[in-house]
Every structure is written in C-alpha cells, then in structure tokens.
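Counting in our numbering, the sequence shown runs from 400 upward without gaps.
All C-beta atoms, glycine included, are put in the ideal place defined by N, C-alpha and C.
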Amino acid sequence: MVKTGKKLSVGDYYDIFFKIRDEFNSLMDDDYAEYLYKEDQVLLNIALYLLENFKGGYIYSCNEEKDCKERCTYLNKWLNEKKALYTSNGNCTHNNKLWEQYIEGLWNELQRDSGEDKKCERVKLKKKFPVKRLIPSCNNSNTVKIEASCPKLPEPQEKECPLSEVPKSSSCKAVLTTSYVVFGVLLFSMYLLRFSSVGMKLNNLIRGKKIKKRNMGKENNESFISPDNSDMESLDRRFNVIYNSLQN
400 MVKTGKKLSV
410 GDYYDIFFKI
420 RDEFNSLMDD
430 DYAEYLYKED
440 QVLLNIALYL
450 LENFKGGYIY
460 SCNEEKDCKE
470 RCTYLNKWLN
480 EKKALYTSNG
490 NCTHNNKLWE
500 QYIEGLWNEL
510 QRDSGEDKKC
520 ERVKLKKKFP
530 VKRLIPSCNN
540 SNTVKIEASC
550 PKLPEPQEKE
560 CPLSEVPKSS
570 SCKAVLTTSY
580 VVFGVLLFSM
590 YLLRFSSVGM
600 KLNNLIRGKK
610 IKKRNMGKEN
620 NESFISPDNS
630 DMESLDRRFN
640 VIYNSLQN
C-alpha cells in the first residue's frame with residue numbers, strides 16, 4: 400500500500416493502476432448500470448476496472464496538484480492500452496462502437512461526478528494497427544451473441560423398428576445388422592453341408608448308417624421265418640403232446 404504524502408515513483412503509479420483485482424469496492428449495485436454492458440464480459444471487466452481506477456486510484460487518493468496530474472496521466476495510459484487491445488487501435492468497427500458508447504461514456508459520467516477540482520481530461524492516442532493482423536470478423540458491424548446457457552436436450556427414446564421401413568435409429572440398425580449376420584451364417588452353413596466335400600462326406604456317412612440299420616432289421620425278420628425256427632416250433636409241439644399225455 401502506497402502511503403499518503405510520499406512522493407510516488409513511476410513504479411508506484413503502475414502498481415496503482417496496472418494491477419489485477421479480485422474485488423470491486425467502488426461500485427454500488429445500481430451505480431452506472433447503463434454503462435455496464437453485460438453481453439461482453441471483456442468490455443464489462445474494463446468498465447469495472449475503470450470505476451475502481453477512476454474513483455479509488457484517482458479521485459479518492461490524490462491530495463495535491465502534481466500527484467493528481469500524475470495519476471490522471473497513468474489513468475489515461477492504462478485506458479489507452481485497454482482500448483488498443485479491445486478495438487485494435489480503433490480498427491474493429493463493432494468493438495470500437497461499443498467502446499465509445501460504454502467506456503468513453505462511463506469516463507465522461509465519472510468526470511461530471513468528480514467535481515471541478517478533480518477533473519481528469521481524457522487524452523486519447525491515435526495509433527495504427529497492421530491490417531494483415533486483423534481477422535475478418537474484426538470489421539463486422541454486428542456482434543455474435545452467445546446464449547447464457549445451453550437449452551436442455553430431450554431425453555433419448557427407444558424407437559421400434561417397423562419391418563417395412565428402413566431403420567433410422569442406431570438401436571434399430573444394430574438389431575437388423577445382427578439378424579442379417581445370423582441369417583448369413585445359417586445360409587453359408589447350409590451351403591457347406593450340401594455342396595462342399597465335407598458336407599458330402601457327412602451326407603454319405605448319415606446315408607450309410609441308415610442303410611446299415613435298415614439291412615439289420617431285414618435280417619432279423621428273415622431269421623424269424625427261417626426253417627430252423629420251424630423245426631424249433633414242431634419240436635415244442637411234440638414236447639407239449641408228451642407232457643399232456645403223461646398228465647392224463
């Protein structure tokens with residue numbers, strides 16, 4: 400903190416006006432509201448800093464003519480630097496228009512409120528800016544406004560896939576893709592079984608087993624009606640006759 404009555408150096412004046420602030424005590428809620436442009440955060444920040452520097456760094460702090468003159472000089476230097484950054488030395492049409500309306504307008508209002516003994520005349524600088532360093536949007540007369548918050552997106556909903564329609568959702572496409580893959584695998588398997596060498600061998604093996612089973616059944620049937628079976632039946636009948644006669 401710079402003490403009152405001490406002769407300030409160049410570094411002291413820079414420390415007063417060119418410092419990073421984390422609070423703004425010179426501004427009441429409704430003060431100078433028409434000069435606080437809330438569609439551009441950078442321009443709003445410059446206005447808040449100007450209020451602090453003009454009131455706290457100049458009006459409330461200078462006590463003698465020489466000190467007030469020096470403070471006014473460095474206040475102008477600070478503001479000219481901010482103008483050069485924001486408007487590219489006045490070459491950005493829209494930014495320059497906003498600057499004149501809100502920042503220079505705020506300076507004039509602070510001048511009127513400061514009284515005759517604490518007036519600080521505005522000293523503007525006219526500097527060139529290399530045209531090749533200007534981006535195309537610099538000369539746009541209309542600003543691009545960004546919404547304060549993003550609109551809430553609707554919740555995603557599952558969509559059923561009609562068979563007669565082309566699927567539009569990712570879930571429908573996934574289901575149909577899987578179905579096509581399974582169907583393709585089945586077709587390919589059927590083709591292998593029917594026309595490939597492996598398939599033909601499997602068919603011959605199955606056909607051979609069926610023929611063998613059918614032949615075995617035929618042999619069994621023939622064995623039951625063979626002469627040996629007839630002899631066995633006649634022998635059984637003879638034993639039955641002898642057994643019955645003995646009982647009688």
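Residue i versus residue j: straight-line alpha-carbon distance, rounded
{"i": "residue 455", "j": "residue 517", "result": "12 angstroms"}
{"i": "residue 535", "j": "residue 441", "result": "20 angstroms"}
{"i": "residue 426", "j": "residue 453", "result": "11 angstroms"}
{"i": "residue 462", "j": "residue 405", "result": "11 angstroms"}
{"i": "residue 528", "j": "residue 494", "result": "15 angstroms"}
{"i": "residue 437", "j": "residue 424", "result": "19 angstroms"}
{"i": "residue 470", "j": "residue 513", "result": "14 angstroms"}
{"i": "residue 566", "j": "residue 433", "result": "With a pLDDT of 48 at residue 566, under the threshold of 50, the predicted position of this residue should be treated as unreliable, and no value is reported."}
{"i": "residue 604", "j": "residue 610", "result": "10 angstroms"}
{"i": "residue 575", "j": "residue 585", "result": "15 angstroms"}
{"i": "residue 503", "j": "residue 530", "result": "24 angstroms"}
{"i": "residue 429", "j": "residue 420", "result": "20 angstroms"}
{"i": "residue 573", "j": "residue 589", "result": "25 angstroms"}
{"i": "residue 612", "j": "residue 580", "result": "39 angstroms"}
{"i": "residue 460", "j": "residue 481", "result": "22 angstroms"}
{"i": "residue 587", "j": "residue 600", "result": "17 angstroms"}
{"i": "residue 539", "j": "residue 583", "result": "59 angstroms"}
{"i": "residue 614", "j": "residue 578", "result": "44 angstroms"}
{"i": "residue 417", "j": "residue 556", "result": "55 angstroms"}
Presumed contact (8 angstroms Cβ cut-off) between residue i and residue j, rounded CB distance
{"i": "residue 431", "j": "residue 505", "result": "6 angstroms"}
{"i": "residue 466", "j": "residue 407", "result": "7 angstroms"}
{"i": "residue 473", "j": "residue 445", "result": "Not confirmed; about 16 angstroms, so no contact."}
{"i": "residue 519", "j": "residue 457", "result": "6 angstroms"}
Proximity winner among the options, relative to residue i (alpha-carbon distances)
{"i": "residue 488", "options": "461, 416, 526", "result": "526"}
{"i": "residue 522", "options": "590, 574, 479, 575", "result": "479"}
{"i": "residue 491", "options": "472, 532, 573", "result": "532"}
{"i": "residue 435", "options": "411, 497, 471", "result": "497"}
{"i": "residue 499", "options": "579, 464, 483, 420", "result": "483"}
{"i": "residue 415", "options": "422, 451, 429, 581", "result": "451"}
{"i": "residue 464", "options": "503, 481, 515, 573", "result": "515"}
{"i": "residue 524", "options": "586, 413, 477", "result": "477"}
{"i": "residue 475", "options": "460, 501, 412", "result": "412"}
{"i": "residue 468", "options": "539, 422, 507, 409", "result": "409"}
{"i": "residue 443", "options": "417, 501, 422", "result": "501"}
Segment limits, alpha helix (DSSP H) that includes residue i
{"i": "residue 414", "result": "409-416"}
{"i": "residue 506", "result": "504-513"}
Residue i: CB within 7 angstroms of a non-hydrogen atom of the ligand NAP
{"i": "residue 421", "result": "The model on display carries no ligand, and the ligand NAP is accordingly not part of it."}
Segments of 4+ residues assigned as alpha helix (DSSP H) that fall wholly inside the segment 434-494: Within the segment 434-494, the complete alpha helix (DSSP H) runs of at least 4 residues are 440-450, 464-486.
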